Amino acid sequence: MDTANIQEIRDGARMGVISGVTTNPSLASAEGIGSSESYKAAVREISDIVDGPISVEVISLDAPGMVAEGRDIAGWIPNPWVKIPSTVAGFEAISILSKEGIKVNQTLCFSVNQALLGAQAGSTAVSPFIGRLDDIGLEGIDLIRDIVSVYAKHNIETKVLAASIRHTLHCTMAAQAGAHIATVPYKTLLQMAQHPLTDSGVARFKSDWEKSGNS
Ligand code: E4P
Numbered sequence: 000m001d002t003a004n005i006q007e008i009r010d011g012a013r014m015g016v017i018s019g020v021t022t023n024p025s026l027a028s029a030e031g032i033g034s035s036e037s038y039k040a041a042v043r044e045i046s047d048i049v050d051g052p053i054s055v056e057v058i059s060l061d062a063p064g065m066v067a068e069g070r071d072i073a074g075w076i077p078n079p080w081v082k083i084p085s086t087v088a089g090f091e092a093i094s095i096l097s098k099e100g101i102k103v104n105q106t107l108c109f110s111v112n113q114a115l116l117g118a119q120a121g122s123t124a125v126s127p128f129i130g131r132l133d134d135i136g137l138e139g140i141d142l143i144r145d146i147v148s149v150y151a152k153h154n155i156e157t158k159v160l161a162a163s164i165r166h167t168l169h170c171t172m173a174a175q176a177g178a179h180i181a182t183v184p185y186k187t188l189l190q191m192a193q194h195p196l197t198d199s200g201v202a203r204f205k206s207d208w209e210k211s212g213n214s
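Listed below in structure tokens is the structure:
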């Protein structure tokens, strides 16, 4: 799930389909989280709800700052993935953190080349932002397909995590393109479960059952 909203995470987790949570400073700030301490408290609560990796993003723009934040975040919860941006400083930080055994979700990826550099630096997962590419008139799904294909060609183990998902078609197409993981807003997760023929089918089965005198 792509949210820092605790209630949404509780509701999503009850469906039994959540294998991790991604957060970022914008999502945290939307929940009124305005300090490192409150971010840490929220992340710990999320980690108690979801049994899987929780991605937590650094704020620093320079490599030493990212590394210091990453080391700190790594101690917050049992299964952290530190989110580091796809920048020159970010690759430096990824290479240091990954060598220390800290898992990294390389964020804000918009090209195959950034995905290649991240994999070389040791990213556990790379997050291509498909919705933001669509927003500027490009085809975000093409980037997922291209990274998956290049990684497969060179036996690269970094996972492809489809991010910036805006709607249910993104979910289907990201899976078809070979993304290993998708991070999905709660509203889209609920829409994935919906189909009008399922709703009318359920209603008809119930009414037919009741017509026969059953209750
Ligand atoms: C996830 O890791 C990203 O932070 C998130 O999907 C960004 O989505 P947005 O483009 O809707 O902000």
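Using numbering that gives the first Met the number 0, read the sequence shown as starting at 0 and increasing by one per residue.
Glycine is no exception: its CB is placed at the ideal position from the N, C-alpha and C atoms.
Since we're looking at a predicted model, the values are computed, not measured.
Task: Residue closest to residue 78, alpha-carbon to alpha-carbon, out of 157, 12, 53 and 22 - done: 53
Task: Burial state of residue 55 (16 or more Cβ within 10 Å) - done: buried
Task: Cα-Cα separation, residue 194 to residue 114 - done: C-alpha separation (whole angstroms): 35 Å.
Open item on the list: Quick test of your reading: residue 127 and residue 92, contact by CB under 8 Å. State the CB separation rounded to the nearest angstrom.
Closed with: Their Cβ separation, rounded to whole angstroms, is 19 Å, which puts residue 127 and residue 92 out of contact at 8 Å.
Open item on the list: ligand 1 and residue 21: does the residue's C-beta get closer than 7 Å to at least one heavy atom of that ligand?
Closed with: yes
TODO: List the whole-angstrom C-beta distance separating residue 66 from residue 73, where the pair is believed to meet the contact cut-off of C-beta under 8 Å.
DONE: With a Cβ gap of about 10 Å, residue 66 and residue 73 do not count as contacting.
Task: residue 154 (DSSP reduced to helix, strand or coil) - done: coil
- [ ] To the nearest angstrom, report how far apart residue 104 and residue 57 are at their CA atoms.
- [x] 11 Å
Task: C-alpha distance - residue 125 paired with residue 199, whole-angstrom precision - done: Cα to Cα, the separation comes out at about 40 Å.
Open item on the list: What does the alpha-carbon distance come out to for the pair residue 49 and residue 212?
Closed with: So the alpha carbons of these two residues sit roughly 43 Å apart.
- [ ] Using 10 angstroms around the beta-carbon of residue 172, count the other beta-carbons present and answer buried if the total reaches 16, otherwise exposed.
- [x] buried
Task: contact_flag[the segment 94-109, the segment 127-145] where n(CB pairs < 8 Å) is 3 or more - done: yes
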